[in-house]
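Asker: For the sequence shown, my numbering assigns the number 3 to the initial residue and increments by one for each residue that follows.
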Amino acid sequence: MTQIEITPEMTDVQSTGKQVYVETYGCQMNLADTEIVLSVLNKEGFASTDQIEGADLVLLNTCSIRDNAEQRIHHRLANIAHHKKKNPELVVGLLGCMAERMRKDLLTDDSIVDIVVGPDQYRVLPELVSEARHGEKGLAVKLSRVETYDDITPMRTEGISAWISVMRGCDKFCTYCVVPFTRGRERSRSLRSIVDEVKYLSDHGFREVTLLGQNVNSYLWEGKDFADLLSAAAAVDPLIRIRYTTSHPQDMSDKLIETMAEWPNICNYIHLPVQSGSNRVLELMNRTYTVDHYMERIEKIRELIPDVALSTDIIAGFPTETEEDHQGTLEVMSRVRYDGAYMFKYSPRERTKAWAMGDDVPDEVKTRRLQEIIELQNSISAEKNQSHLGKTFEVLVEGPSKRDPLEWKGRTGENHVVIFPRSDVDPGEYINVKVDRATSATLIGTEVDEGGRRKVIPLDTLAI
Ligand code: 5AD
Ligand code: SF4
Numbered sequence: 003m004t005q006i007e008i009t010p011e012m013t014d015v016q017s018t019g020k021q022v023y024v025e026t027y028g029c030q031m032n033l034a035d036t037e038i039v040l041s042v043l044n045k046e047g048f049a050s051t052d053q054i055e056g057a058d059l060v061l062l063n064t065c066s067i068r069d070n071a072e073q074r075i076h077h078r079l080a081n082i083a084h085h086k087k088k089n090p091e092l093v094v095g096l097l098g099c100m101a102e103r104m105r106k107d108l109l110t111d112d113s114i115v116d117i118v119v120g121p122d123q124y125r126v127l128p129e130l131v132s133e134a135r136h137g138e139k140g141l142a143v144k145l146s147r148v149e150t151y152d153d154i155t156p157m158r159t160e161g162i163s164a165w166i167s168v169m170r171g172c173d174k175f176c177t178y179c180v181v182p183f184t185r186g187r188e189r190s191r192s193l194r195s196i197v198d199e200v201k202y203l204s205d206h207g208f209r210e211v212t213l214l215g216q217n218v219n220s221y222l223w224e225g226k227d228f229a230d231l232l233s234a235a236a237a238v239d240p241l242i243r244i245r246y247t248t249s250h251p252q253d254m255s256d257k258l259i260e261t262m263a264e265w266p267n268i269c270n271y272i273h274l275p276v277q278s279g280s281n282r283v284l285e286l287m288n289r290t291y292t293v294d295h296y297m298e299r300i301e302k303i304r305e306l307i308p309d310v311a312l313s314t315d316i317i318a319g320f321p322t323e324t325e326e327d328h329q330g331t332l333e334v335m336s337r338v339r340y341d342g343a344y345m346f347k348y349s350p351r352e353r354t355k356a357w358a359m360g361d362d363v364p365d366e367v368k369t370r371r372l373q374e375i376i377e378l379q380n381s382i383s384a385e386k387n388q389s390h391l392g393k394t395f396e397v398l399v400e401g402p403s404k405r406d407p408l409e410w411k412g413r414t415g416e417n418h419v420v421i422f423p424r425s426d427v428d429p430g431e432y433i434n435v436k437v438d439r440a441t442s443a444t445l446i447g448t449e450v451d452e453g454g455r456r457k458v459i460p461l462d463t464l465a466i
């Protein structure tokens with residue numbers, strides 16, 4: 003769920019008393035899109051609320067990547083039906099990938115959904131909402147070759163971290179993936195507008211920016227590639243950490259790795275989805291690289307950025323996957339020793355090429371293979387975390403930890419979460435923390451070398 007606080011500076015219109023409640027599912031692109039949607043609606047007088055009761059408009063920003071993501075939305079809609087019964091005026095909208103994929107199938111007579119809006123059509127939301135308030139259901143799902151919402155300032159949650167979408171869509175057509183059908187063709191935002199946004203965020207006290215795209219390293223704008231964009235973003239402010247996600251191993255160029263090595267404020271963390279450790283399966287997936295190519299890229303990354311942290315995505319049970327293919331995946335994991343991984347059971351998606359390959363790996367086999375993958379990763383993560391004992395990391399302070407307000411939480415450039423006893427630090431400050439203990443998910447430590455703190459302007463003196 004997204005909670006947005008609207009401050010006078012963020013809104014340039016008077017609220018009309020109408021309230022919008024948004025729930026966001028799926029990837030970070032959706033979280034960034036929700037901020038665009040809130041900005042578009044705010045201009046029409048909608049204030050954001052974190053309470054569904056009392057809202058005039060309820061939006062679900064949805065994900066289609068696997069079937070279970072869509073099932074969650076169907077269940078949620080059944081639940082929202084109770085709210086609509088109590089308040090028949092309530093307008094319910096479905097946004098995002100599921101809207102684009104299922105289109106008018108979501109607008110049947112007995113459905114509580116009033117409007118269905120795909121990822122490239124958020125500008126027409128106010129019009130559709132207004133028609134829906136007069137009882138007319140609405141659909142806007144056309145994909146665009148040019149839309150980047152370049153001119154819309156996202157309505158961000160207060161804090162120290164922000165996302166910036168730098169490109170939209172994907173042209174890779176991995177055979178299992180629905181994204182090219184729900185988010186359309188690849189298109190990049192202008193470099194200037196992205197750098198201006200980093201500058202704006204830096205001026206407003208943000209300390210961390212994640213550049214987002216389905217496939218960021220194919221970013222291209224007037225001859226400038228993703229490495230050029232990264233260095234331009236990093237040059238804005240040495241106190242702003244730059245992160246990015248997601249990359250494709252085929253586009254992980256030497257220039258990009260060299261750029262990361264060169265700039266201290268580009269975080270030493272790369273999410274590089276491998277998907278499978280079998281060349282045969284990688285080919286069927288249309289991933290366009292081999293295990294050897296992938297390993298060669300990992301070696302290059304580690305050669306230029308020795309303390310880099312790496313994470314990945316893995317799919318278990320792709321059509322025709324054999325025990326040998328599965329062993330190949332476990333082997334790649336053992337060779338790379340990822341710091342973290344997102345691991346999934348294959349889920350067939352209509353319209354994709356893999357859909358036609360059938361779904362011949364039985365569910366219990368998929369489950370067992372996924373379990374083996376998860377267990378291996380958990381043991382590697384735990385070992386890697388133990389290897390950090392005694393090391394000192396520069397930590398960007400985020401604030402109190404959820405579990406215990408006396409403990410504070412921050413993150414290293416390598417994206418490790420670090421817990422430390424509360425001291426007189428402010429969110430957004432950089433401190434050095436020495437690791438004393440570690441679990442498989444978290445590092446626990448104490449602040450050292452207080453004289454070496456990188457003081458920044460306290461956030462409460464800045465207008466956000
Ligand atoms: N089934 C399972 N996992 C999938 N992913 C994408 N499509 C599917 C699918 N049909 C995974 C990939 C991708 C991540 C975002 O989701 O690993 O990198
Ligand atoms: Fe999907 Fe492949 Fe594009 Fe990633 S690169 S969004 S997995 S098609």
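From the three backbone atoms N, C-alpha and C, an ideal C-beta is built for every residue, glycine too.
If you're wondering where the values come from, they're calculated on a predicted model, not measured in any experiment.
On the criterion of 16 or more Cβ atoms from any shown chain inside 10 Å, does Ala-237 qualify as buried, or is it exposed?
Answerer: To locate residue 237, count along the sequence shown from 1; it is residue 235. So Ala-237 ends up on the exposed side.
Asker: Classify Gln-373 as helix, strand or coil using the three-state DSSP reduction.
Answerer: In the sequence shown, counting from the first residue as 1, residue 373 sits at position 371. Of the three classes helix, strand and coil, the one that applies to Gln-373 here is helix, per DSSP.
Asker: Start and end of the alpha helix (DSSP H) containing Tyr-202?
Answerer: Along the sequence shown, one-based indexing puts residue 202 at 200. 193-205 is the extent of the alpha helix (DSSP H) around Tyr-202.
Asker: Starting from the C-beta of Ile-446, find all residues in its chain whose C-beta is less than 8 Å away, skip the five residues before and the five after it, and write them out in chain order.
Answerer: For the purposes of this step, residue 446 is taken as the residue at position 444 of the sequence shown. Excluding sequence neighbours, Ile-446 sits near Val-420, Ile-421, Phe-422, Val-437, Asp-438, Arg-439 and Ala-440.
Asker: DSSP three-state call for Asn-63: helix, strand or coil?
Answerer: What you label residue 63 is simply residue 61 of the sequence shown in a count that begins at 1. Residue state, collapsed to three classes: strand.
Asker: Any heavy atom of ligand 2 closer than 7 Å to the CB of Pro-321?
Answerer: Along the sequence shown, one-based indexing puts residue 321 at 319. No.
Asker: In this structure, what does DSSP give as the bridge partners for Lys-411?
Answerer: As a first step, residue 411 must be located in the sequence shown, where it is residue number 409. Lys-411 pairs with Gly-401 and Ile-421.
Asker: I need the boundaries of the alpha helix (DSSP H) containing Ser-233, first residue and last residue.
Answerer: Against the sequence shown, residue 233 aligns to sequence position 231. Looking at the DSSP string, the run of the alpha helix (DSSP H) that includes Ser-233 is 228-236.
Asker: On the DSSP bridge assignment, give the partners of Val-180 in chain order.
Answerer: Locating residue 180 in the sequence shown gives position 178, where the first residue counts as 1. DSSP lists no partner for Val-180.
Asker: Mind listing, in chain order, the continuous alpha helix (DSSP H) runs of no fewer than 4 residues lying wholly within the region 74-148?
Answerer: Listed in chain order, they are 99-104 and 127-135.
Asker: Buried or exposed: which applies to Lys-368, given that a residue is buried once 16 or more other Cβ atoms fall within 10 Å of its Cβ?
Answerer: What you label residue 368 is simply residue 366 of the sequence shown in a count that begins at 1. Buried: at least 16 other Cβ atoms inside 10 Å.
Asker: In angstroms, rounded to a whole number, what distance separates the CA positions of Thr-314 and Glu-133?
Answerer: Against the sequence shown, residue 314 aligns to sequence position 312. Against the sequence shown, residue 133 aligns to sequence position 131. When rounded, the distance between both Cα atoms is 44 Å.
Asker: Are three or more beta carbon pairs between the region 382-393 and the region 349-358 nearer than 8 Å?
Answerer: No, the region 382-393 is not in contact with the region 349-358.
Asker: Which residues have a Cβ closer than 6 Å to any heavy atom of ligand 1, listed in chain order?
Answerer: Residues flagged by the Cβ proximity filter: Ile-67, Arg-68, Tyr-178, Cys-179, Pro-275, Gln-277, Asp-315, Ile-317, Phe-346, Tyr-348, Ser-349 and Arg-351.
Asker: Provide the residue span of the beta strand (DSSP E) that contains Glu-449, from first to last.
Answerer: Position 447 of the sequence shown, counted from the start, is the residue given in the question as residue 449. Run containing Glu-449: 444-450, per the beta strand (DSSP E) assignment.
Asker: Can you pull the DSSP bridge partners for Tyr-246?
Answerer: Position 244 of the sequence shown, counting from 1, holds the residue named residue 246. Leu-213.
Asker: Taking only three categories from DSSP, how would you classify Met-157?
Answerer: Stepping through the sequence shown from its first residue, residue 157 is reached at position 155. Coil at Met-157, not helix or strand.
Asker: Since Leu-79 and Ile-114 should fall inside the 8 Å C-beta cutoff, what is the C-beta to C-beta distance between them, to a whole number of angstroms?
Answerer: The count along the sequence shown starts at 1 and reaches residue 79 at position 77. The count along the sequence shown starts at 1 and reaches residue 114 at position 112. With a Cβ gap of about 6 Å, Leu-79 and Ile-114 count as contacting.
Asker: Would you mind working out which of Ile-196, Gly-215, Phe-346 and Thr-159 sits nearest Pro-182, comparing C-alpha positions?
Answerer: In the sequence shown, residue 182 corresponds to position 180, counting from 1. Nearest of Ile-196, Gly-215, Phe-346 and Thr-159 to Pro-182, Cα basis: Gly-215.
Asker: Under 8 Å, do Leu-61 and Val-118 count as touching if we go by C-beta distance?
Answerer: For the purposes of this step, residue 61 is taken as the residue at position 59 of the sequence shown. For the purposes of this step, residue 118 is taken as the residue at position 116 of the sequence shown. In this structure, Val-118 does not lie closer than 8 Å to Leu-61 by Cβ.
Asker: In chain order, what residues of the same chain lie with their CB nearer than 6 Å to the CB of Gln-379, ignoring the 5 residues before and after it?
Answerer: Position 377 of the sequence shown, counted from the first residue, corresponds to residue 379. Answer for Gln-379: Ala-343, listed in chain order.
Asker: Give me whichever residues DSSP pairs with Arg-170 in a beta bridge.
Answerer: Walking along the sequence shown from the start, residue 170 turns up at place 168. Its beta-bridge partners are Arg-189.
Asker: At which residues does the beta strand (DSSP E) containing Ile-272 begin and terminate?
Answerer: Along the sequence shown, one-based indexing puts residue 272 at 270. Taken as a continuous stretch (DSSP letters only), the beta strand (DSSP E) holding Ile-272 covers 271-273.
Asker: So, with DSSP's three-state summary, where would you put Thr-394?
Answerer: By 1-based counting over the sequence shown, the position of residue 394 is 392. Three-state result, Thr-394: strand.
Asker: Tell me, please, whether the region 150-166 touches the region 88-97 by the rule of three or more beta-carbon pairs shorter than 8 Å.
Answerer: No: the two stretches stay apart, fewer than three of their Cβ pairs being nearer than 8 Å.
Asker: Please classify Gly-360 as buried or exposed, where buried requires at least 16 other C-beta atoms within 10 Å of its C-beta.
Answerer: Residue numbering aside, residue 360 sits at position 358 when the sequence shown is read from its first letter. Its Cβ having fewer than 16 others within 10 Å, Gly-360 is exposed.
Asker: Name, in chain order, the residues that DSSP records as bridge partners for Gln-277.
Answerer: In the sequence shown, the residue the question calls residue 277 occupies position 275. Paired residues: Ile-316.
Asker: May I ask you to list the residues that DSSP assigns as paired with Asn-434?
Answerer: Counted from its first residue, the sequence shown places residue 434 at position 432. DSSP, once it has assigned bridges, lists Glu-396 and Val-450 as partnering Asn-434.
Asker: Use the C-beta contact count for Glu-210: other C-beta atoms within 10 angstroms, 16 or more gives buried, fewer gives exposed.
Answerer: By 1-based counting over the sequence shown, the position of residue 210 is 208. Under this definition Glu-210 is a buried residue.
Asker: List the endpoints of the continuous alpha helix (DSSP H) containing Thr-261.
Answerer: In the sequence shown, residue 261 corresponds to position 259, counting from 1. Where Thr-261 is concerned, the enclosing alpha helix (DSSP H) stretches over 256-264.
Asker: Can you list the beta strand (DSSP E) stretches of 3 or more residues lying completely in the region 334-378, in chain order?
Answerer: If we require 3 residues or more, the beta strand (DSSP E) runs fully inside the region 334-378 come out as 342-347.
Asker: My understanding is that Val-218 touches Tyr-178, with C-beta atoms under 8 Å, so please give their C-beta distance in whole angstroms.
Answerer: For the purposes of this step, residue 218 is identified with residue 216 of the sequence shown, where counting begins at 1. For the purposes of this step, residue 178 is identified with residue 176 of the sequence shown, where counting begins at 1. With 8 Å as the limit, Val-218 and Tyr-178 do not qualify as a contact, their Cβ atoms being about 20 Å apart.
Asker: Please tell me whether, using a cut-off of 7 Å, the distance from the CB of Phe-175 to the nearest non-hydrogen atom of ligand 2 is below it.
Answerer: Position 173 of the sequence shown, counted from the first residue, corresponds to residue 175. True, at least one ligand heavy atom lies under 7 Å from that Cβ.
Asker: CB of Cys-172 to nearest heavy atom of ligand 2: below 7 Å?
Answerer: In the sequence shown, the residue the question calls residue 172 occupies position 170. The answer is yes for Cys-172.
Asker: What are the boundary residues of the beta strand (DSSP E) that Ser-50 is part of?
Answerer: Mapped onto the sequence shown, residue 50 falls at position 48. Run containing Ser-50: 48-50, per the beta strand (DSSP E) assignment.
Asker: Do Met-335 and Ile-376 have their beta-carbon atoms positioned less than 8 Å apart in this structure?
Answerer: Within the sequence shown, residue 376 is the residue found at index 374, counting from 1. Within the sequence shown, residue 335 is the residue found at index 333, counting from 1. Contact flag unset, no.
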